[in-house]
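This report refers to the structure that appears directly beneath it.
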Amino acid sequence: MKTALITGVTGQDGSYLAEHLLDLGYKVVAMMRRSATPSTERLSNCLDRIEIVNGDLIDQSSLMRILAEHKPDEIYNLAAQSFVHSSFHEPIHTGEVTGLGVIRLLEAVRLVVPEARFYQASSSEMFGKVHEVPQKEDTPFHPRSPYGVAKVYGHWATVNYRESYDMYACSGILFNHESPRRGLEFVTRKISDAVAGIVFGEQDKLALGNLDAKRDWGFAGDYIKAMHLMLQQDEAKDYVVATNETHSIREFCTIAFERVGLEYEDFVVIDPRFYRPAEVELLLGDATKAREELGWEPEVDFRGLVEMMVDSDLQRRLDRRLTVQKGSLPGAMAAS
Ligand code: NDP
Ligand code: GDR
245 MKTALITGVT GQDGSYLAEH LLDLGYKVVA MMRRSATPST ERLSNCLDRI
295 EIVNGDLIDQ SSLMRILAEH KPDEIYNLAA QSFVHSSFHE PIHTGEVTGL
345 GVIRLLEAVR LVVPEARFYQ ASSSEMFGKV HEVPQKEDTP FHPRSPYGVA
395 KVYGHWATVN YRESYDMYAC SGILFNHESP RRGLEFVTRK ISDAVAGIVF
445 GEQDKLALGN LDAKRDWGFA GDYIKAMHLM LQQDEAKDYV VATNETHSIR
495 EFCTIAFERV GLEYEDFVVI DPRFYRPAEV ELLLGDATKA REELGWEPEV
545 DFRGLVEMMV DSDLQRRLDR RLTVQKGSLP GAMAAS
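For the sequence shown, this note's numbering begins at 245 and goes up steadily by one.
Dropping the structure here:
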């Protein structure tokens with residue numbers, strides 16, 4: 245049985261990847277940092293089947309200890325301060341975790357388990373102010389945020405360890421991918437959750453920033469499969485993972501509100517607080533290499549993704565209401 249170590253396992257991708265690797269028969273070692281409030285909600289489907297270990301990308305010794313104790317065959321480095329907007333407010337912390345954290349882990353791998361296969365979660369944010377459309381593996385980087393800058397560092401650190409030490413280290417340049425498990429601060433989930441909140445009478449407006457930015461959005465459940473495939477090849481390489489379609493935030497809003505029979509113009513207000521000092525206006529990926537060499541294909545299309553997220557946020561509220569109602573029934577009835 246192969247052992248996989250996942251950092252960032254409490255996040256969106258970590259939870260889908262843990263489930264996928266368990267289905268494939270892996271032992272999953274899940275690295276989490278200590279938190280005053282437990283953050284294992286996304287892992288409810290697999291919490292009893294993974295081994296949790298405490299570690300932090302800021303703490304080199306914790307990384308060395310985990311690798312020495314568990315000797316993973318595959319390491320998926322998904323941990324990061326991943327919110328672009330926050331990276332403007334916490335640029336140094338973002339650099340520490342999202343940038344330097346990668347080289348801390350690579351160095352630990354080199355010293356403790358050099359034969360292990362390593363995946364780095366690189367990002368389309370590295371393309372930033374894009375130099376060509378669509379973006380592919382050899383498109384020059386031009387990051388537009390402290391997050392993007394830190395990801396470029398982590399990306400080149402991964403390439404450098406592969407070239408310097410002959411390590412099996414891959415970098416997946418993933419374009420935006422979303423799901424019902426997406427954090428509420430990211431625009432897609434903010435919209436789907438607000439649509440559900442409006443339907444349930446919990447809010448009457450949705451404040452957003454730039455509606456004209458365009459993203460190549462896919463489904464996280466599809467994208468984590470590409471991560472695994474990258475570590476099963478004869479040779480370690482870097483791959484763009486994307487849908488080859490781009491849509492604006494406005495289009496996302498249109499479909500999300502349409503799903504419940506509403507028009508976004510009646511609810512969305514523009515709030516300059518959500519604008520960024522420098523914006524990434526257009527991302528569109530060319531995933532031809534991943535399709536041809538990994539045999540990877542996305543299964544969920546844009547409309548399917550938006551509707552899945554809205555439906556899930558509606559269902560979540562419905563479930564919450566039913567639970568509250570059940571709780572208010574006399575004991576025997578509530579238990580039935
Ligand atoms: P999330 O923000 O949902 O998850 C980030 C994870 O990193 C959380 O588990 C968080 O733990 C953990 N983390 C943060 N800081 C540290 C630290 N110092 N030490 C250890 N763990 C830490 O991100 P996603 O799941 O969306 O993304 C996964 C990775 O892929 C990230 O690296 C992201 O930058 C990258 N990426 C994401 C894309 C996307 O569209 N989703 C696209 C391209 C790249 P905690 O719960 O404790 O906060
Ligand atoms: P992004 O995702 O920055 O692409 O990074 P996000 O959803 O935060 O922003 C996408 C676009 O929407 C615009 N926008 C808003 N964004 C947020 N969060 N909130 C708003 O109210 C809002 N209004 C408009 C933004 O300006 C931006 O143009 C995500 C993260 O997952 C990164 O970790 C990952 O690397 C990249 O995707 C690929």
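Ideal placement from N, C-alpha and C gives every residue a C-beta, glycine not left out.
Worksheet item: Would the beta-carbon of Ala-324 be found less than 8 Å away from any heavy atom of the ligand NDP?
Response: yes
Practice prompt. Just the C-alpha distance for Arg-561 and Ala-440, rounded to the nearest angstrom, thanks.
Written response: 8 Å
Worksheet item: Thr-338 bridges to which residues according to DSSP?
Response: None, per the DSSP bridge assignment.
Worksheet item: Below 8 Å, can you find three or more Cβ-Cβ pairs linking the stretch 490-506 to the stretch 344-360?
Response: no
Discussion item. In whole angstroms, give me the CA-to-CA distance for Leu-322 and Ile-499.
Written reply: 30 Å
Fill in: Cβ-Cβ distance between Lys-315 and Thr-251 below 9 Å
no
Discussion item. Please return the same chain residues whose Cβ sits closer than 6 Å to the Cβ of Gln-569, not counting the five positions on each side in sequence.
Written reply: none
Worksheet item: What residues are listed by DSSP as bridge partners for Asn-488?
Response: According to DSSP, Asn-488 bridges with nothing at all.
Fill in: Of the residues Asp-448, Ala-438 and Leu-566, the one placed nearest Asp-555, counting alpha carbons only
Ala-438
Item to complete: Starting from the C-beta of Asp-557, find all residues in its chain whose C-beta is less than 6 Å away, skip the five residues before and the five after it, and write them out in chain order.
Response: Ser-436, Asp-437 and Ala-440
Worksheet item: Tell me, which residues are paired with Ser-366 by DSSP?
Response: Ile-417
Worksheet item: Three-state secondary structure (DSSP) at Ala-625?
Response: Look at the range of the chain in this structure, 245 to 580, and you will see that residue 625 is not part of it.
Worksheet item: In the structure shown, what three-state DSSP assignment does Gln-361 receive?
Response: Looking at the sequence shown, residue 361 is not Gln but Arg. Three-state DSSP puts Arg-361 in a strand.
Worksheet item: Do you know how far the Cα of Glu-525 is from the Cα of Gly-269?
Response: 41 Å
Item to complete: Drop a sphere of 10 angstroms on the beta-carbon of Arg-425, count the other beta-carbons inside from all chains shown, and report buried for 16 or more, exposed for fewer.
Response: buried
Worksheet item: Do Ile-294 and Val-341 come within 9 Å of each other at the CB atom, strictly closer than that value?
Response: no
Item to complete: Reducing DSSP to helix, strand and coil, say where Phe-511 ends up.
Response: coil
Worksheet item: What are the residues that DSSP puts in a beta bridge with Ile-319?
Response: Leu-249 and Phe-362
Discussion item. Determine whether the beta carbon atoms of Gln-379 and Cys-414 lie at a separation below 9 Å.
Written reply: no
Practice prompt. Could you tell me if Arg-433 is buried or exposed, where buried requires 16 or more neighbouring beta carbons within 10 angstroms of its beta carbon?
Written response: buried
Discussion item. Let's test the definition: count the other Cβ atoms within 10 Å of the Cβ of Ala-486 and tell me whether it reaches 16, buried, or not, exposed.
Written reply: buried
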